[in-house]
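Colleague: Just so we're aligned, residue 6 is where the sequence shown starts under our numbering, counting upward by one. Handing you this structure, nothing more for now.
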Amino acid sequence: MNIKESIKTLLQTKFGGVVLSEARIEQFAKGLANVKDEAELESQLNVVNLVTPFAAIKSEDDRVRSQQAELEKLKKPAPTPTPQPEPTQPEPAPTATQGLSIEDINKVISSALKPLADSVAGLQGQKLVTDRKTAILAKLDGASEDYKAKVVRDFGYMNFADDNAFGEFLGHVESDYAAHVQTLAESSLGKDAPFAGVGKDGRVLEASEAEIEKLFGDIKV
């Protein structure tokens with residue numbers, strides 16, 4: 006998938022036909038390079054449009070393009086005036102953009118793009134957290150809701166340097182849960198008493214050796 010062309014197509018078909026600058030399209034392409042298909046790309050662009058409407062981004066792009074065009078005009082040498090017998094007219098006052106350099110223009114563009122770049126980075130971070138929670142819950146299939154909640158809560162307190170570090174944590178989650186299941190199974194062994202009843206207060210009562218002897222002492226084998 007050519008992500009730059011896909012972004013342009015979606016802007017035309019899904020977002021009112023806005024035309025953004027090539028610099029803006031390039032910025033979006035870098036920020037959304039990890040999307041898997043066009044449906045996910047459209048979803049991410051919807052989120053961006055909610056945070057900063059594309060119409061507003063287009064207005065900012067148009068303003069920057071206008072400044073750049075004016076700057077290019079100012080760079081061209083003025084034609085040599087033809088000598089006139091009459092006094093020449095006063096030169097026009099300098100425009101507001103006459104003193105801007107390329108570096109100044111780049112600063113303006115960078116400042117305009119930064120909130121959008123931060124927004125895209127935040128969305129990618131949220132998606133990573135969601136994907137990792139899904140992977141953890143898949144390892145806890147069959148666990149109680151309390152146990153799942155505890156593991157997810159512990160996950161929320163941790164920071165992982167990379168995917169390898171998270172993979173190691175996921176391995177511990179799986180082994181800890183297996184040990185937890187084994188402990189529960191072992192703790193339930195031997196709890197079924199052969200001679201027991203329920204008392205008036207609801208507690209389980211076991212027969213004493215004397216009572217067993219009294220009941221079965223006369224039985225001959």
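No residue lacks a Cβ here, since even glycine has one placed at the ideal position from N, Cα and C.
Lys138: which of Ser116, Arg29, Gly161 sits nearest, CA to CA?
Modeller: Taking the first residue of the sequence shown as 1, we reach residue 138 at position 133. Of the candidates Ser116, Arg29, Gly161, the one whose C-alpha sits nearest the C-alpha of Lys138 is Gly161.
Colleague: Is it buried or exposed, Asp66, if we count other Cβ atoms within 10 angstroms and call 16 or more buried?
Modeller: For the purposes of this step, residue 66 is identified with residue 61 of the sequence shown, where counting begins at 1. Per the 10 Å Cβ criterion, buried.
Colleague: Could you check whether Lys144 and Val229 sit closer than 7 angstroms to each other, using their CB atoms as the reference points?
Modeller: Summary: the structure shown does not reach residue 229, with the chain confined to residues 6 through 226, and so no result is reported for it.
Colleague: Do you know whose CA, among Val125, Leu118, Lys119, Lys78, lies nearest Ser106's CA?
Modeller: Indexing the sequence shown from 1 puts residue 106 at position 101. Cα-wise, what sits closest to Ser106 is Lys78.
Colleague: Name the residue from Gln94, Val23, Asn7, Lys112 whose alpha carbon lies nearest to the alpha carbon of Lys35.
Modeller: Translated into the one-based positions of the sequence shown, residue 35 becomes position 30. The shortest Cα separation from Lys35 among Gln94, Val23, Asn7, Lys112 belongs to Asn7.
Colleague: Which residue marks the beginning of the alpha helix (DSSP H) containing Ala183, and which one marks its end?
Modeller: Position 178 of the sequence shown, counted from the first residue, corresponds to residue 183. That run of the alpha helix (DSSP H) goes 168–193.
Colleague: Counting Cβ pairs closer than 8 angstroms, one from the region 43–63 and one from the region 22–35, do we hit at least three?
Modeller: Output reads yes: the region 22–35 touches the region 43–63.
Colleague: Just how far apart, CA to CA, sit Pro199 and Lys153?
Modeller: Indexing the sequence shown from 1 puts residue 199 at position 194. Indexing the sequence shown from 1 puts residue 153 at position 148. Because Pro199 sits at a pLDDT of 48, beneath the cut-off of 50, its placement in the model cannot be relied upon, and the following sentence gives the value as read from the coordinates. So the two alpha carbons sit approximately 35 angstroms from each other.
Colleague: In whole angstroms, give me the CA-to-CA distance for Glu47 and Leu15.
Modeller: Residue 47 sits at position 42 when you count from the first residue of the sequence shown. Residue 15 sits at position 10 when you count from the first residue of the sequence shown. Rounded to whole angstroms, Glu47 to Leu15 spans 7 angstroms at the Cα level.
Colleague: Could you check which residue in Arg68, Glu10, Val53, Phe20 has the C-alpha nearest to that of Asp42?
Modeller: Your numbering for residue 42 matches position 37 in the sequence shown. Nearest option by C-alpha distance: Glu10.
Colleague: Under the assumption that Val40 contacts Gln49 (Cβ atoms under 8 angstroms), give the Cβ distance between them as a whole number of angstroms.
Modeller: By one-based count along the sequence shown, residue 40 stands at place 35. By one-based count along the sequence shown, residue 49 stands at place 44. Indeed, because the Cβ distance is near 6 angstroms, the residues count as touching under 8 angstroms.
Colleague: Since Ser124 and Val53 are thought to touch, with beta carbons under 8 angstroms apart, how far apart are those beta carbons, to the nearest angstrom?
Modeller: Looking up residue 124 in the sequence shown gives position 119. Looking up residue 53 in the sequence shown gives position 48. That belief holds up - the Cβ atoms of Ser124 and Val53 are roughly 6 angstroms apart, short of 8 angstroms.
Colleague: For Asp168, which option in Gly130, Val157, Asp151, Asp159 has the closest C-alpha, if you only look at C-alpha atoms?
Modeller: For the purposes of this step, residue 168 is identified with residue 163 of the sequence shown, where counting begins at 1. The shortest Cα separation from Asp168 among Gly130, Val157, Asp151, Asp159 belongs to Gly130.
Colleague: CA-CA distance, Pro95 and Phe59?
Modeller: Residue numbering aside, residue 95 sits at position 90 when the sequence shown is read from its first letter. Residue numbering aside, residue 59 sits at position 54 when the sequence shown is read from its first letter. Approximately 43 angstroms, taken between the alpha carbons.
Colleague: Kindly give me the distance between the Cβ atoms of Tyr182 and Ala140, rounded to whole angstroms, as I take these residues to be in contact under 8 angstroms.
Modeller: Translated into positions along the sequence shown, residue 182 becomes position 177. Translated into positions along the sequence shown, residue 140 becomes position 135. The pair is not a contact, with the Cβ atoms about 13 angstroms apart (cut-off 8 angstroms).
Colleague: Reducing DSSP to helix, strand and coil, say where Pro95 ends up.
Modeller: Residue 95 sits at position 90 when you count from the first residue of the sequence shown. In the structure shown, Pro95 sits in coil (DSSP, three-state: anything other than H, G, I, E or B).
Colleague: In terms of residues, what are the limits of the alpha helix (DSSP H) holding Thr85?
Modeller: Numbered from 1 along the sequence shown, position 80 holds the residue referred to as residue 85. Where Thr85 is concerned, there is no enclosing alpha helix (DSSP H), given that its DSSP letter is neither H nor E.
Colleague: Quick one: give me the first and last residue of the alpha helix (DSSP H) that Asn164 is part of.
Modeller: Residue numbering aside, residue 164 sits at position 159 when the sequence shown is read from its first letter. No alpha helix (DSSP H) holds Asn164; DSSP gives it neither H nor E.
Colleague: For Phe33, name the three-state secondary structure that DSSP assigns.
Modeller: Walking along the sequence shown from the start, residue 33 turns up at place 28. Three-state result, Phe33: helix.
Colleague: Can you name the start and end residues of the alpha helix (DSSP H) that Val56 belongs to?
Modeller: The residue you call residue 56 lines up with position 51 of the sequence shown. Segment 43–56, the alpha helix (DSSP H) holding Val56.
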